[in-house]
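In the numbering used here, the protein residues as written are 1 to 556.
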RNA sequence: GCCCCCGUAGCUCAGUGGAUAGAGCGCAGGCCUCCGAAGCCUGAAGCCGCGGUUCGAGUCCGCGCGGGGGUACCA
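Shown next, in the form of structure tokens:
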């Protein structure tokens with residue numbers, strides 16, 4: 001496992017700091033400060049920069065530049081480090097050796113599909129729960145955003161060695177489902193010729209409910225024609241639900257997402273695990289009985305918010321069951337961590353869950369990624385999604401229109417905590433100008449270069465990468481080397497959208513390089529070296545697109 | 001009222017407390033006898049406002065203004 005350039009610089013500067021601290025008697029201050037290494041925005045400031053000197057200025061009561069100089073002159077050069085300089089106001093700028101950079105090209109290509117991977121999460125079993133749309137209707141673009149986010153996050157965690165399970169939680173209990181079942185029953189009876197039926201208040205008048213009813217009629221005929229909607233509700237909810245789950249699976253498949261498990265809320269009630277969880281909480285003194293209901297106490301918690309676990313009717317709340325679900329995953333099912341990808345409308349739920357996790361002493365093993373809503377624009381007009389009334393845009397329709405790759409890309413190009421505008425016409429009309437195609441084109445172009453090379457009898461075999469000395473070549477290497485650092489950041493911060501930005505940057509850098517630097521040319525030695533470099537770029541694009549779940553075509 | 005998220009270029013979005021804020025689309029102009037023009041190059045254009053913390057603020061804090069989402073013994 002080779003370290004990143006950042007690791008190299010971090011170690012070198014940290015050693016320099018230690019040496020300076022010992023020599024000049026800085027004492028604890030010199031040891032307490034963290035050595036942060038960043039990539040300067042301006043190339044003139046080197047490959048990496050450290051700001052420790054400025055952070056030490058106050059405790060040491062010395063000018064930051066003086067401190068920077070004391071550290072910089074004690075950093076050992078060589079072994080990848082070309083130069084270290086202290087500059088105003090107190091930055092320590094570090095440059096990497098060109099030869100070291102060039103050599104990384106061999107290291108990267110040698111690593112192949114292992115490039116950027118680490119084993120830092122090896123042995124960890126992590127569940128990523130996402131989408132989990134209510135099974136009362138098809139997947140729309142409004143509830144689709146969690147799909148790519150969760151899927152890519154799962155990819156990244158697996159990239160670092162974790163055993164990841166993608167889970168889809170099915171809310172197959174509760175009053176929503178009852179209303180849904182009654183709506184289906186009404187449609188079923190209508191199809192049987194019964195008149196004067198009405199869809200219940202807060203029910204589901206949408207057209208797809210008729211489709212569900214028709215499917216039930218096709219399978220069971222008029223077997224239920226004598227029932228009243230209230231009597232049929234539960235049975236019809238089950239029958240319709242199975243169909244809806246299939247819709248969801250199909251939509252996700254189209255989206256390039258496959259779940260390892262579909263977990264039903266009702267299984268927690270049937271297994272008795274919900275009751276066991278309540279008992280455990282009660283034993284821990286976290287339960288309060290009030291007004292005939294069972295509450296989770298909120299004192300000593302992270303958030304000042306109370307929650308009902310069991311209604312006074314004796315029926316568990318969604319939250320109560322969800323709590324049991326989380327406990328089971330972390331305690332019984334052997335997951336070291338559980339990550340939930342939820343829509344912004346669940347933030348109240350998330351706050352309650354934070355309390356619950358604390359009560360169960362599971363905090364730290366659970367984290368939620370909240371994503372804001374998608375505003376969907378159709379012909380420039382905002383489409384309000386109201387699924388139960390039949391007013392929505394199907395995820396599948398969008399995928400059919402713009403393709404899986406573009407759809408995923410669009411959902412992944414903005415940070416999760418930001419509302420996202422999805423303009424369908426824009427995505428369709430500009431499909432050739434689309435950023436996803438821009439990146440894929442770079443990959444196809446690289447494949448094409450190798451085809452051309454092969455026709456001319458050239459290859460990268462036996463390349464001497466030390467010939468890579470041009471600034472343009474080395475800049476490309478620097479950018480490629482950022483990939484492992486990015487993969488680590490996403491592992492920790494779950495900001496998966498950075499991958500699209502990085503892919504664009506790398507593709508853009510490659511396109512520019514390609515324009516002004518001939519890869520396959522007369523100078524065979526140089527061609528070999530550049531082919532090797534281009535190989536590394538192609539590999540990195542493939543790794544990035546792979547994590548994004550976007551295809552990397554050989555031609556297009 | 002209270003809680004959460006967001007206000008960055010005409011539009012859609014990046015931007016780990018750092019040193020001259022980026023990209024795509026759109027707009028104005030240029031580039032194919034040469035590895036793919038789904039490309040490249042040049043240009044115009046931007047941090048909602050006021051305070052504060054900091055050596056340093058688009059980034060952190062407070063207040064305001066604007067947009068979105070919550071605030072059920074719904075899911």
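Glycine included, every Cβ here is placed at the ideal spot set by N, Cα and C.
*Return the residue from the list 42, 9, 114 that minimises the CA-CA distance to residue 72.*
Indexing the first chain from 1 puts residue 72 at position 72. Among 42, 9, 114, the Cα nearest to that of residue 72 is on 9.
*Compare the beta carbon distance of residue 355 and residue 276 with 9 Å and say whether it is the shorter of the two.*
Residue mapping note: residue 355 aligns to position 355 of the first chain, counting from 1. Residue mapping note: residue 276 aligns to position 276 of the first chain, counting from 1. It is not a contact, given that the beta carbons lie outside the stated cut-off.
*Between the Cα of residue 127 and those of 35, 279, 32, 328, spot the shortest distance and give me the residue it belongs to.*
Sequence index remark: in the first chain, residue 127 carries index 127 (1-based). Relative to the Cα of residue 127, the nearest Cα in the group 35, 279, 32, 328 belongs to 328.
*Give the single residue among 139, 494, 47 whose Cα lies nearest to the Cα of residue 387.*
For this step, residue 387 is matched to residue 387 along the first chain. Residue 387 has its Cα closest to that of 139, out of 139, 494, 47.
*asked:* To the nearest angstrom, how far is the alpha carbon of residue 261 from that of residue 100?
replied: Within the first chain, numbered from 1, the residue matching residue 261 stands at position 261. Within the first chain, numbered from 1, the residue matching residue 100 stands at position 100. Each residue's alpha carbon lies about 46 Å from the other.
_Residue range of the unbroken alpha helix (DSSP H) whose run includes residue 98_ = Numbered from 1 along the first chain, position 98 holds the residue referred to as residue 98. Counting along the chain, the alpha helix (DSSP H) containing residue 98 begins and ends at 98 to 111.
*asked:* With a threshold of 8 Å on Cβ separation, who are the neighbours of residue 64 within its own chain once the five nearest residues in sequence on each side are excluded?
replied: By one-based count along the first chain, residue 64 stands at place 64. The answer, listed in chain order, is 53, 54, 56, 57, 89, 90.
*Beta-carbon contacts of residue 545 that lie in its chain and below 8 Å, excluding the five residues immediately before and after*: Working through the first chain from its first residue, we reach residue 545 at position 545. Closer than 8 Å at Cβ, skipping near neighbours: 439, 440, 443, 503, 551, 552.
*On the DSSP bridge assignment, give the partners of residue 95 in chain order.*
Position 95 of the first chain, counted from the first residue, corresponds to residue 95. 83, per the DSSP bridge assignment.
*Based on the DSSP secondary-structure assignment, which residues constitute the bridge partners of residue 295?*
One-based indexing of the first chain puts residue 295 at position 295. Bridge partners of residue 295: 288, 308.
*asked:* Please report the straight-line C-alpha distance between residue 350 and residue 334, rounded to a whole angstrom.
replied: Here the question's residue 350 lines up with position 350 in the first chain. Here the question's residue 334 lines up with position 334 in the first chain. In a straight line, the C-alpha of residue 350 is about 22 Å away from that of residue 334.
_For residue 109 and residue 535, believed in contact at Cβ under 8 Å, the rounded distance_ = To locate residue 535, count along the first chain from 1; it is residue 535. To locate residue 109, count along the first chain from 1; it is residue 109. Yes, residue 535 and residue 109 are in contact; Cβ-Cβ is about 5 Å, under 8 Å.
*Taking only the alpha-carbon atoms, compute the straight-line gap between residue 78 and residue 97 and give it to the nearest angstrom.*
Residue numbering aside, residue 78 sits at position 78 when the first chain is read from its first letter. Residue numbering aside, residue 97 sits at position 97 when the first chain is read from its first letter. If you take the alpha carbons of residue 78 and residue 97, they lie about 8 Å apart.
_Pop quiz: residue 446 and residue 521 are said to be a contact at Cβ under 8 Å. What is the actual Cβ separation, rounded to whole angstroms?_
The sequence position of residue 446 within the first chain is 446, counting from 1. The sequence position of residue 521 within the first chain is 521, counting from 1. Between residue 521 and residue 446 the Cβ distance is about 16 Å, and since that is not below 8 Å, they are no contact.
*asked:* Please report the distance separating the alpha-carbon of residue 148 from that of residue 272.
replied: For this step, residue 148 is matched to residue 148 along the first chain. For this step, residue 272 is matched to residue 272 along the first chain. In a straight line, the C-alpha of residue 148 is about 33 Å away from that of residue 272.
*asked:* If I follow the unbroken alpha helix (DSSP H) through residue 533, where does it start and stop?
replied: Taking the first chain and counting its residues from 1, the one referred to as residue 533 is at position 533. Its alpha helix (DSSP H) spans residues 524 to 548.
*Return yes when the Cβ of residue 13 is within less than 9 Å of the Cβ of residue 84, no when it is not.*
By one-based count along the first chain, residue 84 stands at place 84. By one-based count along the first chain, residue 13 stands at place 13. In this structure, the beta-carbon distance from residue 84 to residue 13 falls below 9 Å.
*Buried versus exposed call for residue 469 [16 or more other C-beta atoms within 10 Å across all chains shown]*: Counting from one through the first chain, the residue named residue 469 turns up at place 469. Under this definition residue 469 is an exposed residue.
*Would residue 352 pass as a contact of residue 287 if the rule is Cβ separation under 9 Å?*
Position 352 of the first chain holds residue 352. Position 287 of the first chain holds residue 287. Not a contact, by the Cβ cut-off of 9 Å.
_Counting beta carbon pairs with one atom in the segment 181 to 197 and one in the segment 210 to 224, are three or more of them shorter than 8 Å?_
yes
*Among the residues of its own chain, which have a CB less than 7 Å from the CB of residue 29, if the five just before and after it don't count?*
Here residue 29 refers to the residue found at position 29 when the first chain is read from its first residue. So the qualifying residues of the chain are 56, 59, 60.
*asked:* For residue 408 and residue 281, which I take to be in contact (beta-carbon distance under 8 Å), what is that distance rounded to the nearest angstrom?
replied: Stepping through the first chain from its first residue, residue 408 is reached at position 408. Stepping through the first chain from its first residue, residue 281 is reached at position 281. With a contact defined as Cβ atoms closer than 8 Å, residue 408 and residue 281 miss out at about 40 Å.
*First through last residue of the alpha helix (DSSP H) which encompasses residue 263*: By 1-based counting over the first chain, the position of residue 263 is 263. Premise fails: residue 263 lies in the beta strand (DSSP E), 261 to 264, not in any alpha helix (DSSP H).
*Within 10 angstroms of its Cβ, does residue 5 collect 16 or more other Cβ (buried), or is it exposed?*
In the first chain, residue 5 corresponds to position 5, counting from 1. Counting Cβ neighbours within 10 Å, residue 5 comes out buried, since at least 16 surround it.
*What residue from 471, 395, 489 has the CA that sits closest to residue 249's CA?*
As a working note, residue 249 is residue 249 in the first chain. Sorting 471, 395, 489 by C-alpha distance to the C-alpha of residue 249 places 395 at the top.
_Rounding to the nearest angstrom, what Cα-Cα distance links residue 92 and residue 486 in this structure?_
As a working mapping, residue 92 is identified with position 92 in the first chain. As a working mapping, residue 486 is identified with position 486 in the first chain. Whole-angstrom Cα-Cα distance: 22 Å.
*For residue 348, which of helix, strand or coil comes out of DSSP?*
As a first step, residue 348 is located in the first chain; it is residue number 348 there, counting from the start. DSSP, reduced to helix, strand and coil, places residue 348 within a helical segment of the structure shown.
*From the DSSP output, in three-state form, read off residue 466 for me.*
Numbered from its first residue, the first chain carries residue 466 at position 466. Of the three classes helix, strand and coil, the one that applies to residue 466 here is helix, per DSSP.
*In chain order, what residues of the same chain lie with their CB nearer than 7 Å to the CB of residue 367, ignoring the 5 residues before and after it?*
Residue numbering aside, residue 367 sits at position 367 when the first chain is read from its first letter. Taken in chain order, the residues that qualify are 339.
*Using three-state DSSP, classify residue 337 as helix, strand or coil.*
Stepping through the first chain from its first residue, residue 337 is reached at position 337. Note: residue 337 maps to strand in three-state DSSP.
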